[in-house]
Every structure is written in C-alpha cells, then in structure tokens.
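Enquirer:
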C-alpha cells in the first residue's frame, strides 16, 4: 500500500475547505470498499492520490430523514443502515432490494450509497433503483451548492459531473405514491459477492388496466446506469395483456443495442434481459390486479 | 506516523503506525495477532473478517487511521481465557473446521450474527456467512455449528 496522509475532518465545512485546496491530489474515502481495493490494485483512479479525506464522522453526510415528501439519505450512509432503516424499507422497497444484493454483509456494513455511484461504474447496483425513483443529488463545494438529477450527474463510464472541489452530500428521493409497484433484478455469476452482469429496475402505476406511468432503468447491461425514455413513452397508456408485455420486453433488447451496439456478450445478455424484464412485468401487473 | 488509540479485544491500546496501512496489516504485523488471515485482499473472501463496533467487516478494506476510537474484536478476543467460546466449541464438535484458514473469520461472522439475532433461521445464517468463503467443508457443518450455538446461547 502506498503511504498516504489521511485527514478526518469533523464537519462538512472542514471537508469543503480541505477540498478547496488544489495543491494536493485529494480523494474522499468513506467505506473504502472501492478506494482501498483501488489503491491496492494501483488503479489509475487512485494512483496519484496524496491525501485521503475520511468522511465517516461527518454528520451532514450521514443518516436517513424524511422531509417535504422526500427521503434524504446522507452520502456516507452504509447499505446496512439503509437496509435496516424503517422509513427506507417502507417507502423505497426497490432500493432496499437492490441494497440486499450488494456484496456481502461485511461489504454492506462499510460500503456507502454515494460510494456506489460517484465513480460511475456501470455495475453499481443501486443506480437503476435510484433512477426509477427520480433521485436527485446534492453537491457542495466551499462556495457553491447545487442539486441535480442522478441521471444528469452520471456522464459516461467512470465519468461524472463532480468537480475536484465538490462532494456529494445527500441523495434525495421523492416518495412515490402508494399506487406504484416495482421490482429489481440482478444477475451475477453467483448469488453473493458478485459483480452484476445485468440489473433492471421497474416502477409502474396502472389505472384500470392501462399503464398510467412506467419507469424502467438498467445497469451493467448498458455502458452506464440509464432510464429508457422512448420505451417508457411507448408503454404509457397501453392496455396490459400478455401480448403487450411480450412486445415491451422484446423492445428493451432493441433499446440496449442502440446504446451499446452489438457486443460479444449480446447474444447471451439480450435474451436474459428480455426474459427477466417480461417476468418482472408479469409478476408486477398480477400483483396490482 | 500517527498515534492511534482504539479498543482491541476489550483493552485500550495505543499504536504508532503509518496511517494508510490496512487494519489487517496493523493486526498481523504490528500487533502479532495472526488469527486474522489474508486471502484475496480485495474484500471477496472474508478471511480477514474482524468486528468493528460489533459489526463484521473486512480488515483488508479498512485503513489504520479509520479505526481511531473504535472497538475492534479479533478471533483472539473471543474465548474466555482458556475456555473456548461456544461457537468455537461447536465448530470443533460439528467438524466445521478442516484446513482452518477461513475459521477465525467464520467464527466472527457467526458471533456478530448471534449478538444481533440470537435465533437466526438457516437462511439468515447463510446470509451472514455469504461473505466468508470456505473451500473445504461445503458449509453444511458450519451452518449446523452456528445453529447449535444459537440454541445453546439462548437457553443459558
């Protein structure tokens, strides 16, 4: 392991003021499940790091609160904390399901929600769940504060909008009405401690037998976690029956090819995505009826 | 170098250390607690599991400076003097140990589980040890040993 200085500031202002110093290469560390493995494996994302800023003791970036119809999750909240939180469990069941598929208990006890997406790895399991919940993220620097949608934040594989002097402080999620049902699916090479190959998240509301609103997102099967606006528009207003669900499931394959092009793995991944998407839709619409 | 203060197996300790060495190396190289093992070194095998503030964590993914003020328990802190902990006894009784490399971590994962959930179902046991790889036993004996320990600890 390289020798690196580690700072443990006590509040957000201290963090922001450290980040405003551009003389050194600074990296933020929370759970360390990405940073420490990155340092050990000499990843070029961390190779030049001179100072690590440990944000585990910063109250402003911890914990889960409900305010103004939104659930606000601190950036450095661990997956175990989210999994055990009553508000998140009740109001955000798809996020909870996504969280439960991550790593192992040891990983979930340390790894944090913002840590899952600040590096914008395509396989981040919470991203599709956060996208269908229309999550926004708060970003601060010493002299700015902004809130943008997660989809805007994620620019490309391993690229985000985050500037060097900024930190993600909170993730805000509008609580969907009770009439929405959803589901999350992950395929990895084994059940536990697996990097996902495919993730899908869906949230929908039916009115009578019509799709009133549907939100669809994928991770791992696409270059970055993404929603499918064209597919969502195509589905909205349509009558739910088996033929329609099959055609919707088939179309998600076309949408993914549009984003990724044909890859060596497409022949395997696309039928799996289509079949799993169909099964999710089928289960969800049966649950509503 | 930093002067690091934390509680190790129930005792307050102060150690002079580089801040960015891994907790795993601090325990093994600095403190001679070699019950904590290094397997993969990237958080996948769980052989380096220790308890940090009561929770199972991979000590290969935590840097020394991050444990300031915490309570760390390693396998060396589980037995009561020469009297093995019931989980350790049941690992022996049920043949849950073969090569032994995963055992210290497996015992600690079981310990953390039973502290939090004294009556786990088999599925809950499997979930608690999903991050601990064992290439010898096939897990069956380990699950039996943890299940028996749960019964013993709740009826005492």
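Residue numbers (our numbering), protein chains in the order written: chain A, 51 to 339; chain B, 254 to 409. Cβ coordinates follow ideal geometry from the N, Cα and C atoms, glycine included.
1. Quick check on DSSP: helix, strand or coil for residue 246/A?
2. Going by C-alpha distance, which of 345/B, 348/B, 257/B is nearest residue 269/B?
3. Tell me whether residue 308/B sits in a helix, a strand or coil according to DSSP, three-state version.
4. Could you name each continuous alpha helix (DSSP H) segment of 4 residues or more that falls completely within the stretch 213-292 of chain A, going from the start of the chain to the end?
5. Would you be able to state if there are at least three C-beta pairs under 8 angstroms between the stretch 175-182 of chain A and the stretch 244-261 of chain A?
6. Report the residues of the stretch 281-304 of chain B with a CB closer than 8 angstroms to any CB of chain A, ordered along the chain.
7. Starting from the beta carbon of residue 242/A, find every residue of chain D whose beta carbon is closer than 7 angstroms, and list them in chain order.
8. Measure the alpha-carbon distance for residue 305/B versus residue 139/A and round it to whole angstroms.
9. Are at least three pairs of beta-carbons, each pair with one atom in the stretch 141-152 of chain A and one in the stretch 56-70 of chain A, less than 8 angstroms apart?
10. I'd like the list of long-range same chain contacts for residue 284/A, defined as Cβ closer than 8 angstroms, with 5 residues on each side in sequence excluded.
11. At a CB-CB cut-off below 9 angstroms, which residues of chain A make contact with residue 272/B?
12. By a C-beta neighbour count over all protein chains shown, 10 Å radius and 16 as the cutoff for buried, is residue 301/B buried or exposed?
13. Does at least one heavy atom of the ligand COA sit under 7 angstroms from the Cβ of residue 251/A?
14. List the residues of chain A whose Cβ lies closer than 7 angstroms to the Cβ of residue 316/B, in chain order.
15. Should the stretch 95-110 of chain A be called in touch with the stretch 229-240 of chain A, which here means at least 3 C-beta pairs below 8 angstroms?
16. Tell me the DSSP bridge mates of residue 265/B?
17. Can you pull the chain B neighbours of residue 106/A, defined as C-beta to C-beta under 9 angstroms?
18. Which stretch, first to last residue, makes up the beta strand (DSSP E) that contains residue 76/A?
19. Considering only C-alpha positions, which residue in the set 213/A, 98/A, 165/A is nearest to residue 75/A?
Expert: Reading off the structure:
1. Strand.
2. The shortest C-alpha to C-alpha distance from residue 269/B to any of 345/B, 348/B, 257/B is the one to 257/B.
3. When secondary structure is reduced to three states using DSSP, residue 308/B falls in the strand class.
4. The DSSP assignment places complete alpha helix (DSSP H) segments of no fewer than 4 residues inside the stretch 213-292 of chain A at 279-285, in order along the chain.
5. Because the criterion of three Cβ pairs below 8 angstroms is met, the stretch 244-261 of chain A and the stretch 175-182 of chain A touch.
6. Cβ contacts with chain A come from 294, 295, 296, 297, 299, 302.
7. This model lacks chain D altogether, as its protein chains are A and B.
8. Using only the alpha carbons, I get a separation of about 25 angstroms.
9. Judged by Cβ distances under 8 angstroms, the stretch 141-152 of chain A makes no contact with the stretch 56-70 of chain A, as fewer than three pairs qualify.
10. Cβ within range, chain order: 298, 301.
11. 53, 54, 55, 56, 102, listed in chain order.
12. Here residue 301/B is buried. Its C-beta has 16 or more other C-beta atoms within 10 Å.
13. For the ligand COA, the structure offers nothing, since it holds no ligand at all.
14. Those within 7 angstroms of residue 316/B in chain A are 56, 82, 86.
15. Output reads no: the stretch 229-240 of chain A does not touch the stretch 95-110 of chain A.
16. Paired residues: 260/B.
17. Neighbours of residue 106/A across chain B, judged by C-beta separation under 9 angstroms: 319.
18. 76-79 is the extent of the beta strand (DSSP E) around residue 76/A.
19. The closest CA to that of residue 75/A, considering only 213/A, 98/A, 165/A, is found on 98/A.
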